[in-house]
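A.B. asks:
Protein chains: 2
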Amino acid sequence: MNQAIRLHQVASPLKATCNKCSLSNLCLPLAVEENDLERLEDIVLQGKIFNRGEHIFDQSTSSKSCFAVRSGSVKTSIITEGGDEQVTGFFMPGELIGLDSMATDNYACTAKVLERTSVCEFPVAKLEQLTRKLPELQHHMYHLMSQEIQNSHQLAMLLSKNTAEERIAALLLSLSSRFQRRRMSPTNFSLPMARNDIANFLGLAVETVSRVFTRFQNQGIIKARGREVELLDVEALQRVTRDFARQGCR
Amino acid sequence: MNQAIRLHQVASPLKATCNKCSLSNLCLPLAVEENDLERLEDIVLQGKIFNRGEHIFDQSTSSKSCFAVRSGSVKTSIITEGGDEQVTGFFMPGELIGLDSMATDNYACTAKVLERTSVCEFPVAKLEQLTRKLPELQHHMYHLMSQEIQNSHQLAMLLSKNTAEERIAALLLSLSSRFQRRRMSPTNFSLPMARNDIANFLGLAVETVSRVFTRFQNQGIIKARGREVELLDVEALQRVTRDFARQGCR
DNA sequence: ACTGAAGTTTGATATGGATCAAATTTGACG
DNA sequence: CGTCAAATTTGATCCATATCAAACTTCAGT
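Same order as they appear, the protein sequences are chains A and B. Numbering-wise (our numbering), the first sequence opens with residue 1 and increments by one. Numbering-wise (our numbering), the second sequence opens with residue 251 and increments by one.
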């Protein structure tokens, strides 16, 4: 922890090392050739640390950067004037936050850290400039943004057409596959978010989420104790989601 | 109509004239300087015409272009393996379709024309290339895509937190303001889509949509006969949407 | 203008999940 | 390690909207 703090403090003067980052196959470096990596490293502010509950940025404040999760996890949400909140996404290491505000003056959402989390910051102005010089990177940005639109449409679909059980099964499977891509167990993981956040994200009441969890548990599909979850029967979960496109939920 | 067909046939050899287009303040030319406009005109395929019900492109087919609506209107939707459909957006003149597939191999949705519609086609490969040379255009593309993500999040919000009345009021207000920006009456317009599409888009049953329309009518908030709609009391509609962000629905 | 199909409206009924209420568990912090 | 607030679970009830059914209207094609 002491080390982490020091890391934070010396972040900007220290040269970033995307090439040594374990997430280089998930994050932006993925799209950049070996010899161009340095240019990405030139613009990134590496290793900012946030404690649980802290905000990376706030809705309606001036939008200056995108952030890649390095470790930990993040939730984004939009809030109406009336105070209603809608969680719009959960982000895991290697995923990029702030694409919905890439080219707008203010952040369209608030990004809140769900646990102690480290992020890399990409100033949008510099990133935009760099994408003009690195076609692969530009293409990747378009790709990520397209993907984000698609995810969001899938979420809309989930919200408008699926039952509580289907929504929760879809979320569990999405998390599972994302853990797997990060070389963690796809069947045995700890949820980064509270039931409350799940409920809000999926357009359900907390009580409903809780009930579905216990129902799944009674059916022997999962084992859940608090945030600790074990998927006992992935096929059954897939059967629950039925025809819902599995990848489409963040 | 004869003229329209001829226009279609000679589209590619004919030089596009974005600078003379009445939509140049809404569409891509908006972001391009006078003297660079020619370069945009070089890549656009202008004036393709579709008859009501025809598809501009189909989900899962190879994605090659974005399309700007020139006249008419379009709906986009995603369809699951199970055949479930979710309408993801309605598009009016000057709006760009296909951003969710900008940098993916296949189209993520199907674009269906709601009435006789003319579109301009922007091949993605050329567009991407051009954005590298025209920073303003690149910025605009990022902006449009960010916007699309935001819209989609607002839709998710609408679907998960709002009642049938609120959803329909929000849609009517969104259409209203979009008609207005196109110099058409904001209170007196004809819906381009069927009740069915509205229901699907808003995650409601057709019957519910119909009922809410008549309820609004009985309250003297709107007058609706088929697709012909008149907003009699915009303030009342706004009161119905309450704290829902009004711009956030397509 | 005629006709059938598709779209829309209206009514009656059923239900999934919200809401209200309260018990139980977890976990942060002194 | 004890305490209190927050998170989670469980139970009882209610309601907005889906669903089922059927009449009515619109409109494209002949």
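Think of the CB as a built atom: it goes at the ideal place given N, C-alpha and C, for glycine as much as any other residue. Note that the structure is predicted; figures quoted are calculated from it, not measured.
1) Which same chain residues, not among the five before or five after F201/A, have their C-beta less than 6 angstroms away from its C-beta?
2) According to the neighbour-count rule (16 or more other Cβ atoms, all chains shown, within 10 Å of its Cβ), is R183/A buried or exposed?
3) Measuring CB to CB, does S152/A end up less than 8 angstroms from A414/B?
4) Thinking C-alpha only, which one of I56/A, V229/A, V240/A and L37/A is nearest E166/A?
5) Could you tell me which residues DSSP pairs with F340/B in its beta bridges?
6) Does DSSP put Q469/B in a helix, a strand or coil?
7) Excluding five sequence neighbours on each side, which residues of the same chain lie with their C-beta closer than 7 angstroms to the C-beta of L127/A?
8) Leaving out five residues on either side along the sequence, give the residues of the same chain with a beta carbon under 7 angstroms from the beta carbon of M92/A.
9) Just to confirm my understanding: we take R227/A, look at its own chain, exclude 5 residues before and 5 after, and list those with CB closer than 6 angstroms. What are they?
10) List the whole-angstrom C-beta distance separating L364/B from L422/B, where the pair is believed to meet the contact cut-off of C-beta under 8 angstroms.
11) When the distance is taken between beta carbons, is D355/B closer than 8 angstroms to I149/A?
12) Using a Cβ cut-off of 8 angstroms (strictly closer), state whether K161/A contacts chain B.
13) Hey, quick one: how far does the beta strand (DSSP E) through S410/B stretch, first residue to last?
14) Listed in chain order, which residues of the stretch 92–108 of chain A have Cβ atoms closer than 7 angstroms to some Cβ of chain B?
15) If contact is defined by three or more beta carbon pairs under 8 angstroms, each pair taking one atom from either stretch, is the stretch 296–303 of chain B in contact with the stretch 365–372 of chain B?
16) Run the CB neighbour count on A358/B, radius 10 Å, all protein chains shown included, and call it buried at 16 or more, exposed below.
17) Rank V462/B, T437/B, G453/B and Q469/B by C-alpha distance to the C-alpha of E231/B and give the top, closest one.
18) Note down, in chain order, each residue of its chain lying with its Cβ closer than 7 angstroms to the Cβ of P123/A, except the 5 sequence neighbours on either side.
19) As an exercise, report each continuous beta strand (DSSP E) stretch of at least 3 residues that is fully enclosed by the stretch 437–485 of chain B, in chain order.
20) Can the beta-carbon of G344/B be found closer than 8 angstroms to that of L276/B?
21) Give the residues of chain B in contact with P29/A, contact being defined as C-beta atoms less than 7 angstroms apart.
22) So the alpha helix (DSSP H) A419/B belongs to, where does it begin and stop?
23) Any beta-carbon of chain B closer than 8 angstroms to the one on I149/A?
24) Smallest Cα separation from V32/A: which of E207/A, I78/A and L134/A?
25) Which word fits N162/A, buried or exposed, when buried means at least 16 other C-beta atoms lie within 10 angstroms of its C-beta?
26) Out of curiosity, what's the CA-to-CA distance linking S77/A and L231/A?
27) Is E121/A helix, strand or coil when you go by DSSP?
28) What does the alpha-carbon distance come out to for the pair E284/B and T381/B?
29) Is any beta-carbon of chain B found at less than 8 angstroms from that of H139/A?
30) Return the residue from the list S424/B, R289/B and M443/B that minimises the CA-CA distance to K325/B.
31) Give the straight-line distance between the Cα atoms of T360/B and R445/B, rounded to the nearest whole angstrom.
32) Thinking just about the alpha-carbon of each residue, which of A103/A, V209/A and T17/A is nearest to the one in A170/A?
33) Against D286/B, what residues of chain A qualify as contacts under a CB-to-CB distance less than 9 angstroms, listed in chain order?
C.D. replies: Concretely, from the data shown:
1) V87
2) exposed
3) no
4) V240/A
5) K325/B
6) coil
7) I43 and C66
8) V69, S73, R178 and R182
9) S190 and L191
10) Not confirmed; about 17 angstroms, so no contact.
11) no
12) yes
13) That residue, S410/B, is in no beta strand (DSSP E); its alpha helix (DSSP H) goes P385 to K411.
14) L99, D100, S101, M102, A103, T104 and A108
15) yes
16) buried
17) Past the boundaries of the shown model lies residue 231/B; chain B is included only from 251 to 500, so the question cannot be answered.
18) I43, K64 and S65
19) 438–440, 472–475 and 478–481
20) yes
21) Going along chain B, no residue has its Cβ under 7 angstroms from P29/A, so there is no contact; the nearest lies around 17 angstroms.
22) A414 to R431
23) yes
24) L134/A
25) buried
26) 27 angstroms
27) strand
28) 16 angstroms
29) yes
30) M443/B
31) 19 angstroms
32) V209/A
33) In chain order: nothing, as chain A lies at least about 14 angstroms away.
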